[in-house]
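Enquirer:
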Amino acid sequence: MNVHVLKIPNVVLFRNIISDNKILYVPWNSKTTFYDILKVKNDCSSKEIKDSYLKLSKLHHPDKIGNSKESHHKFLEINEAYKTLSKADLRKSYDFYITLPQSSPEPRMNYNEFHDWSTYQNPIFHKDKTTNSSRSNNSYYGVKGIKKQGNFMIVLICFFLSVFGLSIQVFMVSTSASIRRDKLQKQQEENELLLHKIKETSALNGKDAQIELLRQKFEENELRKKGY
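In my numbering, each residue's number is its place in the sequence shown (first place is 1) plus 367.
This is the structure in structure tokens:
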């Protein structure tokens, strides 16, 4: 359990991190406990604590015995004792605190306990502070030599990259269409040439010879398609 202790006049400020940073006020005299102030035993019930508080608060109320410094401190101790012991989580923390060994009437404050070092364990506190802002800006985006750019420059770069990417797409589409068009035109020219040859040979050869010629041309085209 992480316990913080601070010295203030007449009381000790006792903070328990486990119990949601609730603040407990403890009598400065380590031999006097909240149970002693409320005149109850350590294992008393919540009802006994409440009954004793009501009785003592009426008995030591400043309006009844006078608003002296001593009565004010006594009344404050009674209230702080009740605020702590009436809540189960604070009472549990306080019970742990009073079991801690005390070598002197004044509680000993451990410097490491008083300071919460968890914040300083963050890696950002171990960053090299010797690097100046100009050097940091030179590798702002994680790449050495690239400085931090303004918003306008970033928008401008994104715009040009978009235009460049669109231009590449248009070029590839137009090139692909041109290649397909050239291929179809070449195939059409070959078919027209073949038809022209057939017409020429049909006038010179008979019907049977023409059929045989067509069959040979068909077989040649089939073999060409298969890659032979």
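Note that beta-carbon positions come from the ideal geometry of N, C-alpha and C, so glycine has one too.
For Thr-399 versus Ile-465, is the C-beta spacing smaller than 8 Å?
Expert: no
Enquirer: Which ranges would you report for the beta strand (DSSP E) in the region 426-475 if only whole runs of at least 3 residues count?
Expert: none
Enquirer: Taking Asp-410 as part of the alpha helix (DSSP H), name the residues at either end of that continuous run.
Expert: From DSSP, Asp-410 is part of no alpha helix (DSSP H); its letter is neither H nor E.
Enquirer: Have a look at Lys-431, His-428, Val-540 and Tyr-449 and flag the residue whose alpha-carbon is nearest the alpha-carbon of Val-407.
Expert: Looking from the CA of Val-407, the closest CA among Lys-431, His-428, Val-540 and Tyr-449 belongs to Tyr-449.
Enquirer: Mark His-563 as exposed unless 16 or more other C-beta atoms lie within 10 angstroms of its C-beta, in which case mark it buried.
Expert: exposed
Enquirer: Sort Cys-411, Asn-446, Asn-409 and Ile-521 by Cα distance to Leu-423 and report the nearest one.
Expert: The residue from Cys-411, Asn-446, Asn-409 and Ile-521 with its alpha-carbon nearest to that of Leu-423 is Asn-446.
Enquirer: DSSP three-state label for Lys-398, please.
Expert: coil
Enquirer: Quick one: what does DSSP say Gln-516 is sitting in, helix, strand or coil?
Expert: coil
Enquirer: Evaluate Leu-523 with the Cβ neighbour count: other Cβ atoms within 10 Å of its Cβ, from every protein chain shown; 16 or more gives buried, anything less gives exposed.
Expert: exposed
Enquirer: When you compare only the Cα positions, how much space is there between Leu-590 and Val-530?
Expert: Rounded to whole angstroms, Leu-590 to Val-530 spans 47 Å at the Cα level.
Enquirer: Among Asp-462, Asp-430 and His-440, which residue has its Cα nearest to the Cα of Cys-411?
Expert: Of the listed residues, the one whose Cα sits closest to Cys-411 is Asp-462.
Enquirer: How many Å lie between Glu-587 and Leu-581 at the Cα?
Expert: 10 Å
Enquirer: How about Ser-438 and His-427: are their beta carbons less than 8 Å apart?
Expert: yes
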